[in-house]
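Before any comments, here is the structure.
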Amino acid sequence: MFFWLYILIIVILDQFSKWLVVSYMEPGASIPLIEGIISLTHVQNQGAAFGLFAGNTWFFITSAVLLVLAISIYNFKNPLSICLQIILGLICGGAIGNFIDRFRYQYVVDFFDLGWWPVFNIADMAIVCGGILLVIYTFKSEEKDKINA
33 MFFWLYILII VILDQFSKWL VVSYMEPGAS IPLIEGIISL THVQNQGAAF
83 GLFAGNTWFF ITSAVLLVLA ISIYNFKNPL SICLQIILGL ICGGAIGNFI
133 DRFRYQYVVD FFDLGWWPVF NIADMAIVCG GILLVIYTFK SEEKDKINA
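Using the working numbering, you'd call the opening residue of the sequence shown number 33 and step up by one each time.
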């Protein structure tokens, strides 16, 4: 339940924010939100996270589909804690959000610009946060197993 809810929330937030950027900003345009800290900059990212591996659109589309399918099947066959459902929902929601862009545009719409870090979007944030939380969750689970052993 929470798995699908978080996927839906991330995809809606991600796609709505990207729709706003594409509708109201030309590619390359930048709008400062907090001067010197964060801007909205419309970037058409043809690579993976932070522009790596540009030009491999079908590889990224296939990878996203396989990732979401594998996690969905695992979630369906195994009872997962609410925490793990949320974490995996963040990762899958982000993967689906960027998948939609790659399929529709052949690139991903990025727009959060910190100036010192590559431009990113809500889907990227969900994937990174989900990944960090998954590492923490895994370590916490291992600690519990050691204590209970």
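Where a beta carbon is used, it is the ideal one built from N, C-alpha and C, also for glycine.
Shown here for Val43: same chain residues with a beta carbon closer than 6 Å to its own, the five before and five after excluded, namely Gly125, Ile128 and Gly129 in chain order.
Under the three-pair Cβ rule at 8 Å, the segment 150-165 does not count as touching the segment 101-109.
Contact annotation: Ser71 and Asp145 have beta-carbon atoms nearer than 9 Å. When DSSP states are grouped into helix, strand and coil, Gln117 belongs to the helix group. Rounded to the nearest whole angstrom, the CA to CA distance from Ala102 to Leu166 is 16 Å.
Beta-bridge pairing by DSSP links Asn77 to Val140.
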